[in-house]
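First comes the structure, then the notes that go with it.
Number of protein chains: 2
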Amino acid sequence: MLRISKKAEYGMIALQRIAQSGETVAAKEIAEDFGISFDLLAKVLNQLSKAGLLIAYHGIQGGYALAKKPTDITVADILVILEGTLRITDCADHSHEECGCSIDAKCSIKTPMQLIQERMKNVFESMTLADMIVKTQTVQLHSIQI
Amino acid sequence: MLRISKKAEYGMIALQRIAQSGETVAAKEIAEDFGISFDLLAKVLNQLSKAGLLIAYHGIQGGYALAKKPTDITVADILVILEGTLRITDCADHSHEECGCSIDAKCSIKTPMQLIQERMKNVFESMTLADMIVKTQTVQLHSIQI
DNA sequence: ACAATATAGGACTGAAATAGTCGTATATAT
DNA sequence: ATATATACGACTATTTCAGTCCTATATTGT
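Chains as they are written, first to last, in the working numbering: chain A, 1061 to 1206; chain B, 1061 to 1206.
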């Protein structure tokens, strides 16, 4: 039902954490801080570094650091890396001229689905990691002031 | 990976078909026309009629007719009926004050996820069945002209 | 009344995607 | 050297999704 996967969720949490700290952070630290599976998180961070969003450092004092500016990393980027290209229905796929769905040439919802998918893509592209940092810092400042 | 379910897809195809014909259409006819599972489609149409989008007529000459104007049925309505309320992540759920995700109070992506979910909801609410009829008719007119 | 047809609804099965685990290899700082 | 961190493949469990099957109920036409 149009849910974002745990992998993508963990990816966003980790990237937000790394971006906010501004330095290198180990997978173990993130997993412990948020109480999530280290193994799964490690896979996610590996994918993100292979895709060029993170730089991985091995060994003691190692971890992950951002490979790009927070303003240059969008939610869309993260989703594509961890969940693959957005394709809400088979017929919404722009890459095929023929409608890939079971309904063949008769598919009557192709155009509307393509439109909706395009708009969803815009939503994901319009939020960057930088936006996610600002939101959280605001909350933190409030709690500090109390 | 953020896919729309077959149930929702069949629902949209069926509603589009019924809206376009402007009269009562039997589930069997739709299933045959589009080559999709009759049993699954029947369930979907039943759900849509229970939810008040369709009126069901039993017996010979029976079938389903729209219960509302095509302009009053949105993609969001259809998705909520057939897939449940949109909830892209646990923490994006506005109905709970406490973050339902495994990360408890520390969840750092709650606000951004709520924002994205709200925007997706707007996308789904901004397309009506009427829009889907117009789109398809245009295509059909083109193929007739050839 | 009866037969044909259409929806209603529950039980069940199979397939696919998702989430998570485990073991081992490789790189690196001290 | 060794402790620590990432890399990576294999494997399992869980959940969701799609589809089927069977039976019941309502309605129309003859």
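Glycine is no exception: its CB is placed at the ideal position from the N, C-alpha and C atoms.
Close to Val1085 of chain A, with beta-carbon spacing below 9 Å, lies no residue of chain B; the smallest spacing is near 13 Å. Counted as a single uninterrupted DSSP element, the stretch harbouring Ile1115 of chain B is not any alpha helix (DSSP H) but the beta strand (DSSP E) occupying residues 1114-1117. If you draw a straight line from the Cα of Tyr1124 of chain A to the Cα of Gln1076 of chain A, it comes to about 12 Å.
Across the set A:Gln1174, A:Ala1190, A:Met1192, the C-alpha of A:Gln1174 shows the shortest separation from the C-alpha of Glu1069 of chain B. Assigned with DSSP and collapsed to three states, Gly1123 of chain B falls in strand. Chain order gives the chain B residues near Val1183 of chain A as Ile1176, Arg1179, Met1180, Val1183, where near means a beta carbon separation below 8 Å. Looking only at B:Lys1088, B:Met1180, B:Thr1171, B:Ile1120, the smallest Cα-Cα distance to Val1140 of chain B is reached by B:Met1180. Identification of chain B residues near Val1135 of chain A by a Cβ-Cβ cut-off of 8 Å yields Pro1172, Ile1176, ordered along the chain.
The Cβ of Glu1069 of chain B sits closer than 8 Å to at least one Cβ of chain A. Restricted to the stretch 1063-1100 of chain A, the alpha helix (DSSP H) segments that are unbroken, complete and at least 4 residues in length are 1066-1081, 1087-1094, listed in chain order.
Judged by beta-carbon spacing, Gly1122 of chain B lies within the 8 Å limit of Ala1086 of chain B, meaning their Cβ atoms are closer than that value. In this structure, Cys1151 of chain A and Lys1170 of chain A form a Cβ contact; the two beta carbons are roughly 4 Å apart against a cut-off of 8 Å.
Excluding five sequence positions before and after Gly1112 of chain A, the CB atoms of its chain that fall closer than 8 Å to its own CB belong to Ala1127, Lys1128, given in chain order.
When rounded, the separation of the alpha-carbon atoms in Val1183 of chain B and Ile1176 of chain A is 7 Å. Residues of chain A whose Cβ lies closer than 8 Å to the Cβ of Asp1191 of chain B are, in chain order, Pro1172.
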